[in-house]
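Take a look at the structure set out below.
2 protein chains.
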Amino acid sequence: MVKHAGGAILPLYIDRSLNKPISVQICMGLRDLILTKRLKPGARMPSTRTLAVDLDVSRTTVVGAFEQLISEGILESRTGAGTFVSEAFAENYPEKIPPRKQRRRAPGAPPRLASVLSNAELHFSRRRPYPYKPKAFVSGLPAFDQFPLALWNRLSSKHWRASRNEVLSYDSPQGYTPLRQAIADYLGQFRGVSCSYEQIFVVSGAQQAFGLISGMLLNPGEEVWFENPGAIGARNSILSSGARLIPVPIDQDGIMVEEGLHRAPNFRLAFVTPSHQQPLGITMGLRRRLELLRAADAAKAWIIEDDYDGDFQYSSQPPPTLKSLDRSDRVFYVGTFSKSLFPSLRLGYIIVPRPLVEIFDHIFTAMLQGSPTSTQAVVAEFIREGHFASHLRRMRSIYQERQTVFYEAAKAKLAGLLDVYPMDTGFHSIGHLPDDADEYAVEQAAFDAGVAVAPIGHYCLEPLETKGLVLGFSSLTPSEIKAGMDDLASALCGPAGFRGTAAGNS
Amino acid sequence: MVKHAGGAILPLYIDRSLNKPISVQICMGLRDLILTKRLKPGARMPSTRTLAVDLDVSRTTVVGAFEQLISEGILESRTGAGTFVSEAFAENYPEKIPPRKQRRRAPGAPPRLASVLSNAELHFSRRRPYPYKPKAFVSGLPAFDQFPLALWNRLSSKHWRASRNEVLSYDSPQGYTPLRQAIADYLGQFRGVSCSYEQIFVVSGAQQAFGLISGMLLNPGEEVWFENPGAIGARNSILSSGARLIPVPIDQDGIMVEEGLHRAPNFRLAFVTPSHQQPLGITMGLRRRLELLRAADAAKAWIIEDDYDGDFQYSSQPPPTLKSLDRSDRVFYVGTFSKSLFPSLRLGYIIVPRPLVEIFDHIFTAMLQGSPTSTQAVVAEFIREGHFASHLRRMRSIYQERQTVFYEAAKAKLAGLLDVYPMDTGFHSIGHLPDDADEYAVEQAAFDAGVAVAPIGHYCLEPLETKGLVLGFSSLTPSEIKAGMDDLASALCGPAGFRGTAAGNS
């Protein structure tokens with residue numbers, strides 16, 4: 011506290027324990043006093059000497075603060091007369107504003123959002139809290155313990171030693187050209203997709219892709235077929251465009267096209283996960299694929315194919331892509347490096363149908379800035395040097411091994427509690443519960459035992475009769491899988507577990 | 011070309027010069043023949059032996075391709091009878107689809123965009139083509155030659171050696187916490203802004219920030235005050251939300267608030283560049299700042315403060331921020347590392363007003379995935395270790411020196427052609443032309459002489475009487491500045507230049 015020139019007390023404090031220069035603290039303190047009218051417009055300031063003594067700081071420090079406020083026009087220096095609070099505050103600022111501390115919580119109604127978004131918000135699905143890390147049985151994470159980080163660091167270091175203009179400048183918002191080319195080559199070789207690099211648009215992850223595509227093509231209220239159950243991130247992103255999601259059920263061949271046509275014949279977009287239905291794990295059958303393509307063609311609708319973990323089949327043949335059958339250029343293929351490399355890369359891509367490439371080019375150039383060059387360049391080099399293909403090969407056998415451990419442990423420890431079936435591909439499995447089970451009670455019991463499981467209900471736009479849990483194994487070592495299975499088994503057997511709440515001793 | 015089982019000729023080609031495995035080429039070729047009905051549904055395939063001979067490849071290669079197509083359901087193997095094209099194609103696929111080559115260009119009308127976006131597209135401003143690199147007199151780029159890349163590489167390498175779970179996992183979409191904290195600390199120390207780290211939302215650049223804020227808060231058709239002339243990227247991003255941009259003129263104190271109130275009293279958002287008006291370079295006066303804050307408060311409107319190059323003042327005092335005067339929590343402060351560090355980082359941030367933090371938190375968590383952890387972590391460390399503050403200090407004196415060289419050279423070589431005035435801050439200067447000059451003719455003449463200049467008209471939503479060019483100097487060495495000035499002078503003197511097209515021998 012310091013005395014005002016007129017004798018009043020100024021509540022100005024210095025906290026020497028803060029990592030903030032004292033002159034900045036004085037500056038902010040005075041600005042605050044002026045803005046809250048505790049220092050009145052036109053008032054004479056104490057001299058820098060007085061203030062320095064009162065605050066027990068050097069005079070130079072106070073002079074620095076005054077000079078800053080003078081340069082901002084907040085204080086005015088009149089030669090011979092001293093320093094004054096600007097009269098500007100008299101004219102313009104509302105009289106009574108409570109000091110900042112009391113205003114931390116906004117009073118009254120919360121601020122209004124765009125109506126499209128406030129509608130969307132009502133239907134958002136809960137996502138896991140961030141950051142999330144490997145733990146039994148979190149899904150969707152690759153095996154962090156197996157990633158060749160030393161090699162990665164070497165490539166990264168090589169990148170930063172390249173030409174300054176290459177490394178530092180803006181690259182095109184559509185993506186770093188060598189990466190677009192590497193992706194197009196990879197897709198041709200490994201995913202049966204023939205496309206030119208100009209069709210590849212690099213994005214900061216699959217979820218950005220879904221938001222961009224739907225934002226660019228859909229008007230609010232237009233209908234989107236959405237798998238039920240279906241991907242949570244995609245659901246939220248597509249909702250944010252104002253589109254109306256029409257839940258379309260899944261059978262053993264994938265999304266039920268006929269039911270989709272019945273519910274929303276004028277759909278504008280269909281979101282599907284053909285190679286490994288998210289979360290049920292079904293691979294869409296050929297007939298169903300052709301049926302979906304025909305329906306989209308007839309309705310002039312677009313399709314988003316989310317190939318989120320299609321790189322990881324365990325059988326000898328890679329799962330087919332819908333895009334490889336797409337002769338009418340209706341399919342947006344969306345891929346991600348979050349699973350084939352690692353999530354913190356924040357890198358994915360879209361294959362844009364040819365008729366839309368020019369428009370996407372235009373919009374990306376006008377509105378977007380793209381992903382960091384460094385991450386794109388290192389991924390491009392990782393692919394180009396052949397590390398990507400060999401990493402995927404190695405990871406396939408690791409994931410297959412982990413799935414076997416997972417399945418064997420589940421058979422041994424969860425028999426009668428949860429039915430788990432092996433899958434051909436991917437990072438997770440489904441544990442089926444009796445239809446009358448309470449998935450959320452089971453989730454809670456598992457959580458209390460330190461195990462994360464995701465009820466299928468989380469993935470549903472409309473309730474399903476089938477009950478079950480999504481169980482990830484890809485990021486866990488065999489011993490972590492076994493330990494997690496013990497914990498899960500005890501949770502399911504315990505009084506709060508599923509046997510206690512739902513199906514009894516089934 | 012190979013013979014069909016029935017004797018017909020199959021147009022199936024292998025190109026050994028391609029970087030694409032032969033079995034993949036066979037696979038794609040057959041899929042294409044089947045999809046285009048040149049191989050009919052139910053048709054018997056030639057034997058793998060015949061195909062191998064006809065294509066002059068090993069039988070194993072053909073077997074691999076067949077296995078892939080069988081796993082996709084496209085071919086069906088009937089024991090003892092051979093391999094057949096699936097009947098699925100008979101039921102589902104439209105009869106006549108021309109082969110892919112002929113369909114490269116979409117026939118007829120271009121596909122429909124979301125109406126908000128197709129309206130926005132009409133008003134998009136042209137942006138420079140990407141990638142863009144240092145060149146006389148491109149604006150908005152930092153001095154690439156001065157960036158401490160070796161130090162950066164060291165910090166990057168250290169990052170990749172940290173704990174795997176830290177380095178590889180998803181971080182929160184709001185931003186990497188140590189970076190949010192480092193930014194909040196920096197803003198408190200150097201920009202007079204007091205905020206908590208929870209208010210800092212990391213984005214992939216200022217332009218994403220503008221798009222997010224307007225998309226989250228504005229309904230289509232709602233009015234936004236926009237400086238005229240004003241920032242091009244911001245204009246496109248805000249337009250994409252469907253908002254209506256109301257051009258508000260600039261005088262010597264910045265945006266003319268009174269005129270804004272006259273044109274659009276019910277504005278929902280104002281976009282401003284108070285510390286260094288983009289592109290005119292004016293610093294908004296204190297009275298005008300308070301007037302703007304009062305107007306926003308009265309209209310319950312928001313303000314975006316784009317502090318795009320506020321880190322680079324040449325005088326002793328940093329320019330003030332609007333946010334430091336914002337007692338009613340109406341101001342979004344947007345900062346970027348594209349200029350203080352380098353553009354390819356793709357990193358910026360928003361200070362979100364306290365009443366909106368919870369909503370932004372919710373929406374970011376539901377819809378966004380954030381920026382790569384690696385770039386965020388290296389920037390955080392760069393700030394934390396003090397390199398950022400010392401880099402800015404060093405760069406300020408370098409930019410000041412470059413501006414002096416620029417200004418002296420302009421005085422010496424452009425006298426009578428272009429009036430250039432020095433500025434207090436920033437990366438560019440304005441060269442004023444006579445009011446009857448044709449900016450675009452001058453731009454073309456300069457371009458022909460190898461010099462990039464941006465007419466102020468590019469930045470305008472409605473035409474200005476004032477004519478001029480935006481001239482960047484920050485990324486150029488003193489000798490590049492002088493050489494560029496020679497080229498510009500000869501362009502302006504030449505027959506196609508400004509003297510030839512507009513003001514004659516003024």
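Taken in sequence, the protein lines are chains D and X.
One point on numbering: in our numbering, the residue at position 367 of the first sequence is 377, and numbering is uninterrupted.
One point on numbering: in our numbering, the residue at position 65 of the second sequence is 75, and numbering is uninterrupted.
Yeah, the Cβ is synthetic: ideal placement off N, Cα and C, and Gly gets one too.
Note that the coordinates shown come from a computational prediction; the quantities given were computed from them, not determined experimentally.
Residue i to residue j span [Cα, whole Å]
| i | j | result |
| --- | --- | --- |
| X:Ser350 | X:Tyr431 | 23 angstroms |
| D:His401 | X:Arg245 | 43 angstroms |
| D:Pro488 | D:Ala419 | 10 angstroms |
| D:Ser125 | D:Ile248 | 15 angstroms |
| X:Gly467 | X:Asp446 | 13 angstroms |
| D:Pro330 | X:Ile292 | 59 angstroms |
| D:Ser27 | D:Phe352 | 40 angstroms |
| D:Tyr224 | D:Ala253 | What sits at residue 224 of chain D in the sequence shown is Ser, not Tyr. Near 8 angstroms, if we compare the C-alpha coordinates of D:Ala253 and D:Ser224. |
| D:Phe398 | D:Asp317 | 17 angstroms |
| X:Glu453 | X:Lys143 | 18 angstroms |
| D:Thr89 | D:Leu61 | 19 angstroms |
| D:Ile84 | D:Lys50 | 12 angstroms |
| X:Arg394 | D:Arg404 | 38 angstroms |
| X:Ala153 | X:Gln410 | 12 angstroms |
| D:Ser182 | X:Ile32 | 33 angstroms |
| D:Phe200 | D:Lys477 | 35 angstroms |
| X:Phe374 | D:Ala130 | 13 angstroms |
| X:Tyr226 | D:Gly221 | Note on identity: in this sequence residue 226 of chain X is Met, with Tyr being the wrong assignment. Going from the Cα of X:Met226 to the Cα of D:Gly221 covers about 13 angstroms. |
| X:Arg297 | D:Phe99 | 8 angstroms |
Pair within 8 angstroms by beta-carbon distance, residue i and residue j
| i | j | result |
| --- | --- | --- |
| X:Leu300 | X:Asp336 | no |
| X:Thr435 | X:Val177 | no |
| D:Ser354 | X:Met38 | no |
| D:Phe147 | D:Gly494 | yes |
| X:Cys517 | X:Pro239 | What the structure shows of chain X is the stretch from 11 to 516, and residue 517 of chain X is not part of that stretch, so it cannot be assessed. |
| X:Thr58 | X:Arg69 | yes |
| D:Tyr186 | D:Val212 | yes |
| D:Leu366 | X:Pro363 | no |
| X:Leu479 | X:Gly441 | yes |
Span of the beta strand (DSSP E), counted from its first residue to its last, around residue i
| i | result |
| --- | --- |
| D:His438 | 438-443 |
| X:Pro259 | 254-261 |
| X:Leu479 | 477-482 |
| D:Asn276 | It is not in any beta strand (DSSP E) - D:Asn276 carries neither H nor E in the DSSP assignment. |
| D:Leu85 | 85-88 |
| D:Thr93 | 92-95 |
| X:Thr346 | 341-346 |
| X:Glu315 | 312-316 |
| X:Phe211 | 210-213 |
| D:Val236 | Per the sequence presented here, residue 236 of chain D reads as Phe, with Val not at that position. Note, D:Phe236: beta strand (DSSP E), 233-238. |
| X:Ile360 | 358-361 |
Distance between beta carbons of residue j and residue i, contact taken as under 8 angstroms
| i | j | result |
| --- | --- | --- |
| X:Phe4 | X:Ala311 | No statement about residue 4 of chain X is possible, as the shown extent of chain X runs from 11 to 516 and does not include it. |
| D:Ala464 | D:Ser149 | 6 angstroms |
| D:Gln218 | X:Gln379 | 6 angstroms |
| D:Ala455 | D:Leu502 | 7 angstroms |
Chain-ordered neighbours of residue i on chain C, where CB pairs are closer than 7 angstroms
| i | result |
| --- | --- |
| D:Asn29 | Absent here is chain C; the protein component of the structure consists of chains D and X. |
Delimiting residues of the alpha helix (DSSP H) encompassing residue i
| i | result |
| --- | --- |
| D:Asn175 | 174-178 |
| X:Ser128 | 125-133 |
| D:Ala223 | Before going further, note that residue 223 of chain D is Ile rather than Ala in the sequence given. That run of the alpha helix (DSSP H) goes 216-227. |
| X:Val452 | 449-458 |
| D:Arg122 | Counting along the chain, D:Arg122 falls outside any alpha helix (DSSP H), and DSSP gives it neither H nor E. |
| D:Met520 | Past the boundaries of the shown model lies residue 520 of chain D; chain D is included only from 11 to 516, so the question cannot be answered. |
Where the segment 370-384 of chain X meets chain D: residues whose CB sits under 8 angstroms from a CB there: His372, Ile373, Thr375, Ala376, Met377, Leu378, Gln379, Gly380, Ser381, Pro382, Thr383, Ser384
Members of the segment 274-302 of chain D near chain X, C-beta cut-off 8 angstroms: Gly295, Leu296, Arg297, Leu300, Glu301
Contact residues within the segment 68-85 of chain X, judged by C-beta distance below 7 angstroms to chain D: Glu77, Gln78, Ser81, Glu82, Gly83, Ile84
Against chain X: residues of the segment 223-239 of chain D by CB proximity under 8 angstroms: Gly225, Met226, Leu227, Leu228, Asn229
Proximal residues, the segment 432-445 of chain X versus chain D, C-beta separation under 8 angstroms: none
Members of the segment 343-368 of chain X near chain D, C-beta cut-off 7 angstroms: The residues in question are Phe352, Pro353, Ser354, Leu355, Arg356, Arg364, Pro365, Leu366.
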